[in-house]
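Chains as they are written, first to last, in my numbering: chain L, 864 to 1171; chain S, 864 to 1171; chain Y, 864 to 1171; chain X, 864 to 1171. C-beta: ideal position from N, C-alpha, C; glycine also. What follows is a set of notes on a single structure, which appears directly below.
Protein chains: 4
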Amino acid sequence: MAMTGVLRPGHAQLRVLDMEESVKFYTEVMGLLEVGRDDQGRVYFKCWDERDHHSVVLRQADRAGIDFFGFKVLNKDVLNKYERDLKEYGVKTERIPAGDLLETGERVRFQIPTGHTIELYAEKKDVGNGMSYTNPEAWVPNIPGIAPIRMDHALLYGGDIDGAHDLFSKVFGFSLVERIKLEDGKTDLAIWLTCSTKAHDVALVRHSEDNKLHHLSFRLESWEQVLRAADLMSMHRVSIDAGPTRHGVTRGTTIYFFDPSGNRLETFCGGYDFYPDMQPITWTWEEVGAGVFYHDRKLNERFLTVVT
Amino acid sequence: MAMTGVLRPGHAQLRVLDMEESVKFYTEVMGLLEVGRDDQGRVYFKCWDERDHHSVVLRQADRAGIDFFGFKVLNKDVLNKYERDLKEYGVKTERIPAGDLLETGERVRFQIPTGHTIELYAEKKDVGNGMSYTNPEAWVPNIPGIAPIRMDHALLYGGDIDGAHDLFSKVFGFSLVERIKLEDGKTDLAIWLTCSTKAHDVALVRHSEDNKLHHLSFRLESWEQVLRAADLMSMHRVSIDAGPTRHGVTRGTTIYFFDPSGNRLETFCGGYDFYPDMQPITWTWEEVGAGVFYHDRKLNERFLTVVT
Amino acid sequence: MAMTGVLRPGHAQLRVLDMEESVKFYTEVMGLLEVGRDDQGRVYFKCWDERDHHSVVLRQADRAGIDFFGFKVLNKDVLNKYERDLKEYGVKTERIPAGDLLETGERVRFQIPTGHTIELYAEKKDVGNGMSYTNPEAWVPNIPGIAPIRMDHALLYGGDIDGAHDLFSKVFGFSLVERIKLEDGKTDLAIWLTCSTKAHDVALVRHSEDNKLHHLSFRLESWEQVLRAADLMSMHRVSIDAGPTRHGVTRGTTIYFFDPSGNRLETFCGGYDFYPDMQPITWTWEEVGAGVFYHDRKLNERFLTVVT
Amino acid sequence: MAMTGVLRPGHAQLRVLDMEESVKFYTEVMGLLEVGRDDQGRVYFKCWDERDHHSVVLRQADRAGIDFFGFKVLNKDVLNKYERDLKEYGVKTERIPAGDLLETGERVRFQIPTGHTIELYAEKKDVGNGMSYTNPEAWVPNIPGIAPIRMDHALLYGGDIDGAHDLFSKVFGFSLVERIKLEDGKTDLAIWLTCSTKAHDVALVRHSEDNKLHHLSFRLESWEQVLRAADLMSMHRVSIDAGPTRHGVTRGTTIYFFDPSGNRLETFCGGYDFYPDMQPITWTWEEVGAGVFYHDRKLNERFLTVVT
């Protein structure tokens, strides 16, 4: 089969400082749909065009950040195979029972060398995107807020991104799409990896501290929706970090902004299609600014320092 | 690996009635780049953002239509495996030597049950997209014409689309993304198949005659570029069949139009991302109009009858 | 002063066959805001970004069409002056008392040579556009439906368009922006007139019957909103006459469609800015198709025949 | 007549430090068309969709800035009348003979209380916009660079903006569209004035030094063209001051950037239509940030300090 193995980022669990304020933000401003709450007090959301039960899970905690980032795999056989492959690669795995996340099957959890917790799972209930599987309309009207079509990717900060790169490549067959080099011209400062034809499904930046979240990204369908998103952020007094602008890396358009707990989010649009026969693109240290913020061609200080 | 096997539609060879007029059209109006000519008189083109040597080949003939439609596969091992799988499936294959198409490796050629000639190949020279693999810019300015980013898919008309569906699914693992049913509610009038996360890489419509081309499609990046394309078609007095409009199927936006030989082309934008864990969408006979032309919700007669 | 005299089209009263169905259509599909009803049973609407009390008035009747089309003038002195000028020009005028239309001052009503009833008025209550006059936001979120920013212009069909042209020019100083000529190369088939920098505030087509409405037009802010409008029309099974497409005349983008009573409406975007020092554009009979529908370059039959 | 008196900003003469480099910038990056040079060494440009001979004049000098900003008036009678009105108002005027600017009639020059030199003129040769006045196409293809449709407005910095406001209002009938108040809630920090239905034809900011240029603005037709402009600026290593973003004032979208001499330019899109019956919008000192940069809701320091 053409798309096999790991399909896509399927869920992320974020820590928030105040659940009530956060639910308000993720529904009214972000335009996600609340789809459930569990007995641990976690609240579940999906983007309107996602068909699986949820993609974002919020957990109240005393510091912000990401608990885990989960990828959906093709089926249970693939899940079992990857569990074996991970062990063989030397990574300890843990099975989380079905139902621990609402409407979600068993998950295989493990840590990557940057300290982040990654999960694989094969089953999550298809609840549809609000349109029929027979004679559907083109989209669902009257969703308030930014209303991205899906949770798209995450950018994670940690120490050993070479190790993470090796694991994602060797075990799961992810491709390197783009990279930024440090001054030495050899060491990767940042890498963008894909398991599909998207320009990135996960990205990593070398950082002094492990297990940090730079941003969780949500996909919009046009540059005009990026403008609309920025307008809505202003109306709701959301703190914008950067944008609307374009990334040099992936060529996508973007806004970085912060949720009420300080987690950086992104609304992202575009990016070219990548296939595994394509050679990766390299950004040199001198042009890291253009790689990240294509218009200004310089980093803001927050890009390399503010993470949760 | 996540993307394996068949990667994408990689080339199509079209028959044109007048090569000079056609080269003018495909470069000045379509905005493709001429990249070479061979000793058979064929002319080769690529879309600006494609990295492989070419995607469209024109051959002068006394009737329009498509000679063959080729898919790029991951590597030579995959090519060899598919050749064996095709034979095992009961399909006769032919090897076309490397170099028969410029800058292209060996091709495995076979016929699908709708009478179309399909090819697989693993190698085509990476000539780049006009931007460096180090610190690239975001796009290439000053390309005249419509300038799609790539050749995207084809819609083929023929008799046994069930047989073609079976072959693409069983041998290559293509997924069924959408289908239109005939009045009986059982028989497929049309099917959209993907080997990637695109909403379609190839589509088939049941037709009284085999080996027919409905259209070859080229991808644009925004609805505004669709408008620009329609404007350019008007400026160049190109015959527009339908659009700008939206398809119900795939939700993409579209213009159908004709090249000087009468081959229908499409400029296409959007379409949702499909993953193989998603159930297909079905359109009933009553809503075939909305499936094809979402705004008007009715077919024009040409859609089912005019092919080359 | 730079903008003097007649400012803009300010209101249109349309006849509808079923008020309940029409109110539903104009609010839920068109996205106008209902702002009042009077003791004659008329229902009043405004577009969200208009500041005056209303721009569209619906009156239930047994046939569709337009009762009158009203222009706002700068102030009461101008209103009085135009009343005198009209009489001097030889046109009979009628004063409609303040309050006959809700929140509207006295109106001066008269007939133009094409049989249409035109009104002038100087006062209509400023109810705002839903945003403060101090530190406003950029737009009003969560308005359902197409939600044009304003009622923009009307295209009227009638016999003596030369007479109407003369009156609008001589009495009110309207400028001719574009014209389509008949086969004889002399007679105007259609004229586009402006009292502002818009490419048209009113247009007229020569027709066998007087006092007919071709369409009432509403302004959208982008081509993407034109797409969104067409999508919403499809979702609501609105009958689309033509579009999304571009007009050659004015260069604006457009959809023509019908309200439940058969009145043709338009959602319009763009059009160049016109100043009275610019010479008008002429379309010859051979290119009338491109003038009306720029992409297809041919008229549909309905354009010249279906009016209310 | 509806549009009378002053029609629009018609030309601006900018000082540049290096003519050769500037001509390259204004043609290749800005996408203006060079239309002539005079015996003083000045170089003339027009935007593609302007019909008059030129709108931008560059003069080499040892410091950047604006020499004068000119408005086109309806005709010579209006020009003569305004000359008398200016004198009556107490402003000294000067007649510049026809031909001093290429293809331009007599100009009436005067100083406004902020020290800027303003001109009025009634005649400039209609050279067309590159499309026929008979059966034109929709736009002109293959113009390199940003290619705005016209020179749109200027933002001028100087001391006595109240005096300038009074002059533009009393003599020319300009309307106040928006204003930003200082901390005292009374004094205007900035005012936006229009002579048409545009949200601004000229704007003024209170400043310690007279006769300064904040920016000269050029109009684009869509937010997607704003993105394209920012991309082109990056490709040409143009220094971007702010944007792409939206202004709260006028609601238009914008990029501020610098020409090679340090003159700030703007590419601007949108802005609502203003009519003289509409009350102005006021921004308080606390929200000046949102008024200028709607997304970030804070000024960058350069906005109030860097002028030429």
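Chain-ordered neighbours of residue i on chain Y, where CB pairs are closer than 8 Å
| i | result |
| --- | --- |
| Ser1085 (chain X) | Ser1085 and Trp1086 |
Any C-beta of chain Y under 9 Å from that of residue i
| i | result |
| --- | --- |
| Cys1058 (chain X) | yes |
| Ser885 (chain S) | no |
| Leu1162 (chain S) | no |
| Leu1019 (chain S) | no |
Other residues of its chain near residue i: CB distance less than 8 Å, five sequence neighbours each side excluded
| i | result |
| --- | --- |
| Leu1067 (chain L) | Thr977, Leu1018, Leu1019, Tyr1020, Gly1021, Ile1024, Ala1027, His1028, Ala1053, Ile1054 and Leu1056 |
| Asn992 (chain Y) | Trp911, Asp912, Glu913, Arg914 and Val1003 |
| Asp925 (chain X) | Leu880 |
| Ser1071 (chain X) | Gly1022 |
9 Å Cβ cut-off: residues of chain X touching residue i
| i | result |
| --- | --- |
| Asp1094 (chain S) | Glu1000, Ala1001, Trp1002 and Pro1004 |
Own chain partners of residue i with C-beta closer than 7 Å, once the 5 adjacent residues on each side are dropped
| i | result |
| --- | --- |
| Lys1033 (chain Y) | Tyr952 |
| Thr980 (chain X) | Asp930, Phe931, Arg972 and Gln974 |
| Ile1009 (chain Y) | Val892, Met893, Gly894, Ala1092, Leu1095 and Thr1130 |
| Tyr1138 (chain Y) | Thr1060 |
Per DSSP, the bridge partner or partners of residue i
| i | result |
| --- | --- |
| Glu957 (chain S) | S:Arg972 |
| Ala1066 (chain S) | S:Leu1018 and S:Trp1055 |
| Ile981 (chain S) | S:Phe932 and S:Phe973 |
| Glu883 (chain L) | Beta-bridge pairing links Glu883 (chain L) to no other residue. |
| Ser1038 (chain X) | X:Thr1057 |
Of the residues the options, the one placed nearest residue i, counting alpha carbons only
| i | options | result |
| --- | --- | --- |
| Met1014 (chain Y) | Y:Gly1048, Y:Asp912 and Y:Gly1106 | Y:Asp912 |
| Ala1092 (chain X) | L:Val892, L:Arg1109, L:His1077 and L:Val1089 | L:Arg1109 |
| Glu1046 (chain L) | L:Asn998, L:Trp1146 and L:Asp925 | L:Trp1146 |
| Gly1115 (chain L) | L:Arg1165, L:Glu986 and L:Tyr1157 | L:Tyr1157 |
| Val941 (chain Y) | Y:Glu1087, Y:Leu983, Y:Asp925 and Y:Val954 | Y:Leu983 |
| Val892 (chain L) | L:Asn1163, L:Gly928, L:Val1101 and L:Gly1134 | L:Val1101 |
| Ile1012 (chain Y) | Y:Met882, Y:Phe1166 and Y:Gly894 | Y:Gly894 |
| Thr967 (chain S) | S:Phe934, S:Asp925 and S:Asp1140 | S:Phe934 |
| Leu1079 (chain L) | L:Glu1129, L:Asn1163 and L:Tyr1135 | L:Glu1129 |
| Leu870 (chain X) | X:His1099, X:Val1151 and X:Ser1059 | X:Ser1059 |
| Gly1152 (chain S) | S:Ala924, S:Ile1144, S:Gln1088 and S:Val1112 | S:Val1112 |
| Asn1126 (chain S) | S:Phe1037, S:Asp948, S:Cys1132 and S:Arg1165 | S:Arg1165 |
| Met1098 (chain Y) | S:Ile1006, S:Asn1005 and S:Arg1160 | S:Arg1160 |
Neighbour list for residue i in chain S, Cβ cutoff strictly below 8 Å
| i | result |
| --- | --- |
| Thr1113 (chain Y) | The contacting residues do not exist; Thr1113 (chain Y) stays about 14 Å from chain S at best. |
Chain L contact for residue i (CB, 9 Å cutoff)
| i | result |
| --- | --- |
| Ser1102 (chain Y) | no |
| His1158 (chain X) | yes |
| Asp1029 (chain S) | no |
| Pro1107 (chain X) | yes |
| Leu1090 (chain X) | yes |
| Ser1038 (chain S) | yes |
Neighbourhood of residue i by C-beta, 6 Å cutoff - its chain only, sequence neighbours within 5 removed
| i | result |
| --- | --- |
| Met994 (chain Y) | Glu1000 |
| Leu921 (chain S) | Leu877, Val879, Ser885 and Val906 |
| Ser1124 (chain S) | Val879, Leu880 and Ala927 |
Residue i: contacting residues in chain L (beta-carbon distance under 7 Å)
| i | result |
| --- | --- |
| Gln923 (chain S) | Simply none; closest approach about 31 Å. |
Interface flag, residue i vs chain S, CB-CB below 9 Å
| i | result |
| --- | --- |
| Ile1054 (chain L) | no |
| Gly899 (chain L) | no |
| Thr1116 (chain Y) | yes |
Chain-ordered chain S contacts of residue i [CB-CB under 9 Å]
| i | result |
| --- | --- |
| Met1098 (chain X) | Glu1000, Ala1001, Trp1002 and Pro1004 |
| Pro1007 (chain X) | Pro1004 and Asn1005 |
Listed by chain order, chain L residues near residue i by CB distance under 9 Å
| i | result |
| --- | --- |
| Ala1153 (chain X) | Ser1097 |
Listed by chain order, chain S residues near residue i by CB distance under 7 Å
| i | result |
| --- | --- |
| Tyr1138 (chain L) | Met866, Leu870 and Arg871 |
Neighbour list for residue i in chain X, Cβ cutoff strictly below 7 Å
| i | result |
| --- | --- |
| Glu1150 (chain Y) | Asn998 |
Test: residue i CB closer than 9 Å to a CB of chain X
| i | result |
| --- | --- |
| Asn938 (chain Y) | yes |
Contact set between residue i and chain A, taken where Cβ atoms lie within less than 7 Å
| i | result |
| --- | --- |
| Trp1146 (chain S) | As a matter of chain content, chain A is missing from the structure shown, whose protein chains are L, S, Y and X. |
Neighbour list for residue i in chain L, Cβ cutoff strictly below 8 Å
| i | result |
| --- | --- |
| Tyr1135 (chain S) | Asp912 and Ile1012 |
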